[in-house]
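In this note's numbering, the protein residues as written are 3 to 446.
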């Protein structure tokens, strides 16, 4: 009888032991889950709300606005005479040509044939491609980021980059993130609504040797105010004498004047004078490829051997950043610039965009005069490119938005591309209302 009871007792002991083990595991798992959830929750709870982007936030406010008269003159994107986005016919044609291409990865440096065509477009037919290190980038923003990272890696710690005041707001963040010390140089004179050449030369003249100077190649954003050729020569001579590095940002070649060769004049002049040059090149505006994120970053080198070394380092910058670029936009540009007929068609279409913007500049100013404005608005017609720097201050801009549902940045910049025959009079009357009897220059 005793031997028959022993197995039964053993089984009960085993059952109890297994039960205790299961309870222990359950409690441990539950405790770990609670601990993990608490940890995850607390670290996320400590993250503050970030501020909205100054420009994209305004675009969101425009979309949310229900006023039937609302006008968006904030975002830098071309609109046709009906206020609609325009895909260039040459772009559509190019997409038909390469539609059978595969979807394989591009190399780290991108589509080499595209880069060659893009650099020739920027630097000219006589460009010394054998000593230009060029890589495909995620449009102009990506090009600035790659260039900034490269400079931050190979220039001495604490090197300064001088950026115009005002400038495209993202410039400041990009180069600070890249590890450069961001400084400003005076660019625009609000007293004259024109270029502040004296202030510009003084500030760049005070920059330490071997600093970097950011220059807008054409159609300065946000002012639309560019130096003349003689003024560019003066700036170039100073940069050369100070042994500074010129970092050009070219977002509007061809889109500014309607002539891509003319818009590249400053860049090509600096290269001809043997100034050390980097170029951030974008095809968003001039080819209408906003969503394709297509551009290049290039660096002028002293020799083909130096170029190979620079290329190797650019690859090392890009690889951990985004590995390699998308190919659809670059295929469009490569196809257009590789075909004489498509190239000619593209130049015509680009001039169409530039001409429409120039026409709307003139119409805005003439309508302001027509509705009774007594201000001198000639600075608007003298400016070039997508934007006009109106002279409106923050208070005026707030009234334009709150009272008239006209959405613009707080510095008074408007995108001329957002104007058309249907809304230009409405905008002109609103500007007249907020500016009449008040100064649009600092000294008026």
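We put the beta carbon where it would ideally sit given N, CA and C, even for glycine. Because the structure is a prediction, the values reported are computed rather than measured.
Can the beta-carbon of residue i be found less than 8 Å from the beta-carbon of residue j?
i	j	result
residue 60	residue 409	yes
residue 278	residue 248	yes
residue 237	residue 229	yes
residue 116	residue 316	no
residue 282	residue 260	no
residue 126	residue 309	no
residue 110	residue 321	yes
residue 96	residue 334	yes
residue 1	residue 411	Look at the range of the chain in this structure, 3 to 446, and you will see that residue 1 is not part of it.
residue 80	residue 419	yes
residue 90	residue 387	no
residue 429	residue 184	no
residue 219	residue 268	yes
residue 346	residue 123	no
residue 417	residue 78	yes
residue 149	residue 318	no
residue 119	residue 336	yes
residue 216	residue 166	yes
residue 265	residue 244	no
residue 370	residue 433	yes
residue 137	residue 112	yes
residue 171	residue 258	no
So the candidates are the options; which of them puts its Cα closest to the Cα of residue i?
i	options	result
residue 251	146, 413, 125 and 140	146
residue 121	429, 58, 159 and 273	273
residue 359	428, 226, 297 and 413	226
residue 93	149, 47, 74 and 338	338
residue 331	205, 183, 180 and 108	108
residue 436	418, 375, 419 and 386	375
residue 383	364, 150, 232 and 399	364
residue 164	179, 186, 290 and 379	186
residue 198	189, 246, 88 and 45	189
residue 372	267, 426, 393 and 323	426
residue 132	441, 311 and 267	311
residue 106	328, 397 and 246	328
residue 162	168, 178 and 172	178
residue 275	158, 114 and 246	246
residue 324	62, 213 and 140	140
residue 129	326, 336, 438 and 302	302
residue 444	292, 280, 196 and 305	196
residue 424	366, 397, 434 and 380	366
residue 396	414, 379 and 406	414
residue 160	172, 180 and 144	180
residue 156	405, 232 and 213	213
residue 71	421, 434 and 137	421
residue 254	280, 234, 354 and 286	286
residue 85	440, 362 and 432	362
residue 442	258, 144, 58 and 381	381
Quick one: give me the first and last residue of the beta strand (DSSP E) that residue i is part of.
i	result
residue 218	214-218
residue 166	162-167
Specify, as a first and last residue, the run of the alpha helix (DSSP H) that residue i falls within.
i	result
residue 136	Per DSSP, residue 136 belongs to no alpha helix (DSSP H); it is in the beta strand (DSSP E), 134-139.
residue 239	231-243
residue 117	114-125
residue 110	No alpha helix (DSSP H) holds residue 110; DSSP gives it neither H nor E.
residue 428	426-437
residue 332	330-339
residue 175	172-179
residue 65	58-66
I'd like to confirm the pairing. Which residues does DSSP put opposite residue i in its beta bridges?
i	result
residue 391	415
residue 191	196
residue 250	217 and 281
residue 99	Answer is none; residue 99 lacks a bridge partner.
residue 73	408
residue 184	163
Those runs of the alpha helix (DSSP H) which lie wholly inside the stretch 252-315 and span at least 4 residues: 262-265 and 267-274
Quick check on the DSSP output: what are the complete beta strand (DSSP E) runs of length 3 or more inside the stretch 352-411, in order along the chain? 389-391
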